[in-house]
Amino acid sequence: MSIVKTKNLIYEYLRRDEDGNVEGVNRAVDDVSLGVRRGEFIAIVGHNGSGKSTLAKHMNAILQPTRGTVWVDGIDTSQEEQVWAVRQRAGMVFQNPDNQIIGQLVEEDVGFGPENLGVPTEEIWKRVEESLRAVGMYQYRSHSPNRLSGGQKQRVSIAGVLAMRPQCIVLDEPTAMLDPSGRKEVIRAVRELNSREKVTVILITHYMEEVIHADHVYVMDRGRVAMEGTPREIFSRVEELQKLRLDVPQVTLLAHELQQRGILLPQGILTTEELVTALKSCEWPHGKSETGGVQADEEAQYGIDH
Ligand code: ADP
Ligand code: MG
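Letter 191 of the sequence shown, counting from 1, is numbered 930 in our numbering, and no numbers are missing.
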C-alpha cells in the first residue's frame, strides 16, 4: 500500500476582491495522481509557482483538496477528525528554519512535538536523543538554537519532526535558504534518514544535484506532473527540462553536449565519476582521431577554415 497517494487532486485558491467576494480561481494543482511507496525517496521539482508547495501541503492535511482525494497511510485527509492522525504520519519541514524553531535549547525544541502528542516524559527524552543522533546534532543538545548555522538549525527542525515518529517526512525546499555546506549537511541527513531509519522521504527542491539520489522524480509544471521517472530517465530528457525552465546538473549537461557532438555516451549521466568511466570506454565518432574528434566537429560546426 502507498504511504501517500493522490488521485485526480485539484486545488484552487480563491481570488477575492476588497469586499471579500470571490472574483476568480487560481488552479494551483491540476489533476495530480501519484503514489509514494513506503521507504521510497521521492523528489519533486518544478520552477516557482508550479504547485509544489500546494501539493506538499495536502500531504499533511494543511490543505484539503478542492476535488479529488489524498490518502496518507490509507487515511483520507479530508476527514476533519483525522487531521492529527495524518500529521503524525507525515511530518513537514519548511524552507525557513527560523520559523520552525521555538525552544530555548535544542533538546527542548525537539521535544515539543512529542510533548504535544502527550508522549510520557521518559519516552520524550528517548526520542529526543534518537532524533538528534539521527541528524548528527546530538552534541548540540544543550545549545541555544539561535547560535547554530542555517544547516544545523534545519537539521534540528528535521529532528523535531522525527521525534513524532512519522512514517513519512515531506521537506519543502529545506535547503533554499542555506549556503552550499549547509545544503550538503541537510541532504546528507535526509538521505541517512531514508536509508538507515527507513523513513519515507518526499523532497521538494529546485537544486537538481539534490535529486540524483531519489528513487523517483516528479517534475511539476503549471500544477500538473509534466514528467516523471528515475533521475536517470528524467535527466536523459535535457531539452524537455530546459523547456520547463529547469536546470540540469552540470555534468549531465556536459555529457549531453558531448553526445550531440557524436560521442556515444549512455543517457542520463549523473555524476562526474560516471562521465569519466563512460568517456574512457566509449566509442569516438567514426573517422576521427581520439584526440581530434571534438575539436574537428566544433570547427566544422562553426565553419573554421585552416
Ligand atoms: P511552488 O511551491 O511550486 O512555487 P505554489 O504551490 O506555492 O508553487 O503556488 C502554485 C500557484 O498557486 C501559484 O500560481 C501561486 O501564485 C498560487 N498560490 C500559492 N499560494 C497561494 C495563496 N495562498 N493564495 C493564492 N494563490 C496562491
Ligand atoms: Mg514552494
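Yeah, the Cβ is synthetic: ideal placement off N, Cα and C, and Gly gets one too. A quick note: this is a predicted structure, and the numbers were derived from the prediction, not measured.
Check	Outcome
Compute the Euclidean distance between the alpha carbons of asparagine 760 and glutamate 751, then round it to the nearest angstrom.	15 angstroms
Can you list, in chain order, the residues of its chain with a C-beta nearer than 7 angstroms to that of aspartate 812? Leave out the 5 residues immediately preceding and following it.	Ile742, Arg828, Gln906
Keeping to the same chain, check which residues put their C-beta closer than 7 angstroms to that of valine 950; ignore five residues upstream and five downstream.	Ala782, Val784, Thr944, Val956, Pro970
Counting pairs of Cβ atoms below 8 angstroms between the segment 833 to 848 and the segment 894 to 912, do you hit three or more?	yes
Using three-state DSSP, classify isoleucine 801 as helix, strand or coil.	coil
Helix, strand or coil for arginine 755 per DSSP?	strand
Hey, which residues come within less than 6 angstroms of the ligand ADP, measuring from Cβ to any heavy atom, in chain order?	Tyr752, Asn765, Ala767, Gly785, Asn787, Gly788, Ser789, Gly790, Lys791, Ser792, Thr793
Among Leu1009, Pro859, Arg755, Leu993, which has the Cα closest to the Cα of asparagine 765?	Arg755
Closest to alanine 994 by CA distance: which of Arg984, Val977, Val858 is it?	Val977
Would you check if the distance between the CB atom of alanine 767 and the CB atom of threonine 805 is smaller than 7 angstroms?	no
DSSP three-state label for serine 772, please.	strand
If you run the structure through DSSP and keep just helix, strand and coil, what is phenylalanine 974?	helix
In this structure, what does DSSP give as the bridge partners for histidine 955?	Ile781
Could you tell me if serine 1028 is buried or exposed, where buried requires 16 or more neighbouring beta carbons within 10 angstroms of its beta carbon?	Since pLDDT at serine 1028 reaches only 48, below the 50 mark, its modelled position is unreliable, and the value read off the structure follows with that caveat. It counts as exposed.
Name, in chain order, the residues that DSSP records as bridge partners for threonine 745.	Leu773, Val809
Can you tell me whether DSSP reads asparagine 765 as helix, strand or coil?	strand
Measuring alpha carbon to alpha carbon, tell me which of Ser870, Gly850, Val874 ends up nearest isoleucine 863.	Gly850
When the Cβ atoms of the segment 863 to 875 are set against those of the segment 814 to 828, are three or more pairs found closer than 8 angstroms?	no
In its own chain, which residues sit with a C-beta less than 8 angstroms from the C-beta of leucine 1004, not counting the 5 before and 5 after it?	Ala994, Leu997, Gln998, Leu1014, Ala1017, Leu1018, Cys1021
Can you check DSSP and say which residues form a bridge with aspartate 911?	Ile943
When you compare each of Ala953, Leu773, Asp758 to methionine 740 by their alpha carbons, which one comes out closest?	Leu773
Taking glutamate 1012 as the reference, which of Thr991, Gly889, Ala965 has the closest Cα?	Thr991
I need the boundaries of the alpha helix (DSSP H) containing arginine 963, first residue and last residue.	No alpha helix (DSSP H) contains arginine 963, which is instead part of the beta strand (DSSP E) from 963 to 968.
Work out the CA separation of phenylalanine 780 and serine 934 for me, nearest whole Å.	9 angstroms
How close, in whole Å, do the beta carbons of leucine 844 and serine 789 come, if the pair is a contact with beta carbons under 8 angstroms?	Wrong, their Cβ atoms sit about 38 angstroms apart, outside the cutoff.
According to DSSP, is isoleucine 814 part of a helix, a strand, or is it coil?	strand
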